[in-house]
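Participant:
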Amino acid sequence: MSARSSAVRRGALAAAFALTALLCAAPRGAQAVPLFAQRYNLQCGACHAVLPELNQFGNEFRNRGYRLAGAPKHGTTIVGLREQVGYNRDPGGGSTQRTVPAGALLGAVEVGQVEAFVHDSLGSQGGPSSLFLAYLAHYDDNSKILYRAGLIELPLVHSPAQRNDTLTTYGYESALVGLNDLTLATTRWALEAERNVGRGRIAADVAFANSSGSLYGGKPEPTGRTESFAQPEVGIFARYPLTDEVQVGVDALTGSRQITLVGRRPFDDPYRRAGVSLEAKRGRLELLAEQWYGRDWNGDGAGNAIGSFGGYARLRWRIGDHAFVGIREDAAATPTALRTLLWYAEAHVTRHARVLIQQRRPISGGPTTLEGALTVGVPWPRGQ
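This is the structure in structure tokens:
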């Protein structure tokens, strides 16, 4: 892209921000449940091309700590509730329960120049409630750096949980290597900083501990071991747009896990993870692909190194403003290989409810699984 077209693009985005800030004063109801949108009376179409994915403005809104400088603010409910009823035609595991209700309590409040956010799962399937996200965020206007501190997701090319468009975690993001139970989708207690560098964006974080909670909660499975960080985990995540429709990314993590088995002395498992990603869009067609490589130097506690790799490729077609159909291949080898093909469709049936239907088919053979979910958010937006 030429310097002229790049400048035009940045100018257009700045103009869009200014226009949105002016339109925030208009007396219209917010069309989105998130409390950040409620604060500025934004409609869902301002931040989302197709829910739950963010569009360019939505990403910039997030990158600025969900703040619009100079825009009028409105009171919020501070607390929101998200309820999801899941369906599984063949629950398996000896269970006959095909529907599973689950919920999450969300909260957001401004304290001066700091944004406080919390996501607490209310539990499901007999599992307890648990804290999934809890962080403070601050966007510094001078340095253009966004800081976060607390329980956060890794800044991957897509959100593993908060904006996951299916019921299934993507590819390698939920892969367990040896006895190490820390996955890419696991939320961490960490410090994070991110900012634009030229046309790209770089984020870095240092994690000291992790949470065992999940997006909606669930009954935990006993593993017979306890784990913690033997040393802080350090990560760096870079995104760079090649054109307006193509973006590449590189991610890297390094850390060490302390693992204690019942009746045994604890041992450390130093590990590394590295990934590359590609995101491309053409009209209503979207491609997202990522490949990860990992190595654990003592994943079994016996001094044996374990290599791992995996990823996903997703092709999605947008239908209108709030619906899409997609196909995704997930793969992970840790070192046992598993590949799955996923078909799914998702749509908003009202402004406040979303329906998802998906089918999972193991490529290596096995039963096909049909699943679905109805997700509803409250409170209703103002004026509706």
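Residue numbers (the numbering used here): 1217 to 1600. Virtual Cβ for every residue (Gly too), placed ideally from N, Cα, C.
Can you name, in chain order, every residue of its own chain whose Cβ lies under 8 Å from the Cβ of P1448, other than the five neighbours on each side?
Facilitator: Working through the sequence shown from its first residue, we reach residue 1448 at position 232. Excluding positions up to five away in sequence, the list reads V1422, A1423, F1424 and G1471.
Participant: Run through the segment 1389-1433 for me and flag every whole beta strand (DSSP E) of 3 or more residues, listed as ranges in chain order.
Facilitator: 1404-1413 and 1416-1426
Participant: Considering only the alpha carbon of each residue, which of A1563, T1556 and Q1300 lies closest to R1577?
Facilitator: Counted from its first residue, the sequence shown places residue 1577 at position 361. Answer by Cα proximity: T1556.
Participant: With 16 other CB atoms within 10 Å as the buried threshold, where does C1240 fall?
Facilitator: As a working mapping, residue 1240 is identified with position 24 in the sequence shown. Any reading at C1240 must be qualified, since the residue scores a pLDDT of 36, below 50, and its modelled position is unreliable; the value itself is stated next. Counting Cβ neighbours within 10 Å, C1240 comes out buried, since at least 16 surround it.
Participant: Taking Cβ positions only, does H1564 come closer than 8 Å to chain B?
Facilitator: Note that chain B does not occur in the displayed structure, where there is just one protein chain.
Participant: How would you call L1458, buried or exposed, if buried means at least 16 neighbouring beta carbons within 10 angstroms?
Facilitator: The sequence position of residue 1458 within the sequence shown is 242, counting from 1. Classification of L1458: exposed, given that the 10 Å Cβ count is below 16.
Participant: Taking DSSP as the reference, what is the three-state secondary structure of N1514?
Facilitator: The sequence position of residue 1514 within the sequence shown is 298, counting from 1. Three-state result, N1514: coil.
Participant: Between which two residues does the alpha helix (DSSP H) carrying G1291 extend?
Facilitator: Here residue 1291 corresponds to residue number 75 of the sequence shown, with the count starting at 1. Premise fails: G1291 is in no alpha helix (DSSP H) and is neither H nor E.
Participant: Between which two residues does the alpha helix (DSSP H) containing E1276 stretch?
Facilitator: Mapped onto the sequence shown, residue 1276 falls at position 60. That run of the alpha helix (DSSP H) goes Q1272 to N1279.
Participant: Considering L1590, what are the terminal residues of the beta strand (DSSP E) in which it resides?
Facilitator: Taking the first residue of the sequence shown as position 1, residue 1590 is located at position 374. Note, L1590: beta strand (DSSP E), T1585 to V1594.
Participant: Could you tell me if Q1329 is buried or exposed, where buried requires 16 or more neighbouring beta carbons within 10 angstroms of its beta carbon?
Facilitator: Against the sequence shown, residue 1329 aligns to sequence position 113. Its Cβ having fewer than 16 others within 10 Å, Q1329 is exposed.
Participant: Assess contact between the segment 1267-1283 and the segment 1364-1383, defined as three or more Cβ pairs (one per stretch) separated by less than 8 Å. Is contact present?
Facilitator: yes
Participant: Work out the CA separation of V1594 and L1254 for me, nearest whole Å.
Facilitator: In the sequence shown, residue 1254 corresponds to position 38, counting from 1. In the sequence shown, residue 1594 corresponds to position 378, counting from 1. In the sequence on display, residue 1254 carries Gln and not Leu. The straight-line gap from Cα to Cα measures roughly 12 Å.
Participant: On the premise that G1519 lies in contact with L1477, defined as a C-beta separation below 8 Å, what is that separation, rounded to the nearest angstrom?
Facilitator: Within the sequence shown, the letter at position 261 stands for residue 1477. Within the sequence shown, the letter at position 303 stands for residue 1519. About 15 Å; that fails the 8 Å criterion.
Participant: Does the distance from the CB of I1522 to the CB of G1394 come in under 8 Å?
Facilitator: The count along the sequence shown starts at 1 and reaches residue 1522 at position 306. The count along the sequence shown starts at 1 and reaches residue 1394 at position 178. In this structure, the beta-carbon distance from I1522 to G1394 falls below 8 Å.
Participant: So, are the CB atoms of I1368 and T1402 less than 8 Å apart?
Facilitator: Here residue 1368 refers to the residue found at position 152 of the sequence shown. Here residue 1402 refers to the residue found at position 186 of the sequence shown. For I1368 and T1402, no; Cβs fall outside 8 Å.
Participant: Cutting at 6 Å between CB atoms, please list the residues of its own chain near Y1388, excluding the five before and the five after it.
Facilitator: Here residue 1388 refers to the residue found at position 172 of the sequence shown. The residues are W1508, G1526, G1527 and A1548.
Participant: Find out if the Cβ-Cβ distance for the pair A1409, I1361 is shorter than 8 Å.
Facilitator: Mapped onto the sequence shown, residue 1409 falls at position 193. Mapped onto the sequence shown, residue 1361 falls at position 145. Yes; because the gap between Cβ atoms is below 8 Å, this pair is in contact.
Participant: Grab me the residues of D1516's own chain with a C-beta within less than 6 Å of its C-beta, minus the 5 sequence neighbours each way, in chain order.
Facilitator: Taking the sequence shown and counting its residues from 1, the one referred to as residue 1516 is at position 300. So the list reads G1394, once near-sequence residues are dropped.
Participant: Can you give me the Cβ contacts of D1357 inside the same chain, cut-off strictly under 8 Å, excluding the 5 residues immediately before and after it?
Facilitator: Taking the first residue of the sequence shown as 1, we reach residue 1357 at position 141. Excluding positions up to five away in sequence, the list reads A1285.
Participant: Could you tell me the distance, in whole angstroms, from the CA atom of L1260 to the CA atom of F1252?
Facilitator: Start at 1 with the first residue of the sequence shown, and residue 1260 comes out as number 44. Start at 1 with the first residue of the sequence shown, and residue 1252 comes out as number 36. Residue identity differs from the one stated: residue 1260 is Cys in this sequence, not Leu. As the crow flies, the alpha-carbon of C1260 is around 11 Å from that of F1252.
Participant: Who are the near neighbours of A1529 in its chain, counting only those whose CB is closer than 6 Å to its CB and skipping five residues on each side?
Facilitator: Residue numbering aside, residue 1529 sits at position 313 when the sequence shown is read from its first letter. Excluding sequence neighbours, A1529 sits near A1505 and E1545.
Participant: Give me the Cβ distance between A1320 and L1352, rounded to the nearest whole Å; I'm assuming they're in contact under 8 Å.
Facilitator: The residue labelled residue 1320 in the question sits at position 104 within the sequence shown. The residue labelled residue 1352 in the question sits at position 136 within the sequence shown. A1320 to L1352, Cβ: 19 Å. No contact.
Participant: Could you tell me the boundaries of the beta strand (DSSP E) in which Y1528 lies?
Facilitator: On the sequence shown, position 312 is the one that residue 1528 refers to. Element bounds for Y1528: I1522 to R1534.
Participant: If contacts are defined as beta-carbon pairs under 8 Å, then G1479 and A1454 qualify, I think. What distance do you get, rounded to the angstrom?
Facilitator: Translated into the one-based positions of the sequence shown, residue 1479 becomes position 263. Translated into the one-based positions of the sequence shown, residue 1454 becomes position 238. Rounded, the Cβ-Cβ distance is 43 Å, inconsistent with contact.
Participant: Expressed to the nearest angstrom, what Euclidean distance is found between the alpha-carbon atoms of F1445 and D1336?
Facilitator: The residue you call residue 1445 lines up with position 229 of the sequence shown. The residue you call residue 1336 lines up with position 120 of the sequence shown. So the two alpha carbons sit approximately 23 Å from each other.
Participant: Assign G1274 to one of two classes, buried (16 or more other C-beta atoms within 10 Å of its C-beta) or exposed (fewer than that).
Facilitator: Working through the sequence shown from its first residue, we reach residue 1274 at position 58. G1274 comes out buried.
Participant: For the alpha helix (DSSP H) that L1251 lies in, which residues bound it at each end?
Facilitator: For the purposes of this step, residue 1251 is identified with residue 35 of the sequence shown, where counting begins at 1. Unbroken alpha helix (DSSP H) run through L1251: L1251 to Y1256.
Participant: Nearest-angstrom Cα distance between G1588 and G1339?
Facilitator: Working through the sequence shown from its first residue, we reach residue 1588 at position 372. Working through the sequence shown from its first residue, we reach residue 1339 at position 123. Cα-Cα distance, rounded: 19 Å.
Participant: Here's the rule I'm using: 16 or more other beta-carbon atoms within 10 Å means buried, otherwise exposed. How should E1502 be labelled?
Facilitator: Translated into positions along the sequence shown, residue 1502 becomes position 286. Per the 10 Å Cβ criterion, buried.
Participant: May I ask which residues mark the beginning and end of the alpha helix (DSSP H) holding A1262?
Facilitator: Working through the sequence shown from its first residue, we reach residue 1262 at position 46. First-last of the alpha helix (DSSP H) with A1262: C1260 to C1263.
Participant: Look at the Cβ atom of A1324, then the Cβ atom of Q1300, and state whether they are nearer than 8 Å.
Facilitator: Position 108 of the sequence shown, counted from the first residue, corresponds to residue 1324. Position 84 of the sequence shown, counted from the first residue, corresponds to residue 1300. Not closer than 8 Å, so no.
Participant: Pick out whichever of S1580, E1495, R1278 and I1535 has its Cα sitting closest to the Cα of D1460.
Facilitator: Indexing the sequence shown from 1 puts residue 1460 at position 244. Of all alpha-carbon atoms in S1580, E1495, R1278 and I1535, the one lying nearest the alpha-carbon of D1460 is that of E1495.
Participant: Is the separation between the beta-carbon of V1492 and that of G1510 shorter than 8 Å?
Facilitator: Taking the first residue of the sequence shown as 1, we reach residue 1492 at position 276. Taking the first residue of the sequence shown as 1, we reach residue 1510 at position 294. Result no, Cβ atoms of V1492 and G1510 do not sit closer than 8 Å.
Participant: Can you look up G1581 in the DSSP assignment and give me helix, strand or coil?
Facilitator: Here residue 1581 corresponds to residue number 365 of the sequence shown, with the count starting at 1. Here G1581 sits in coil by DSSP.
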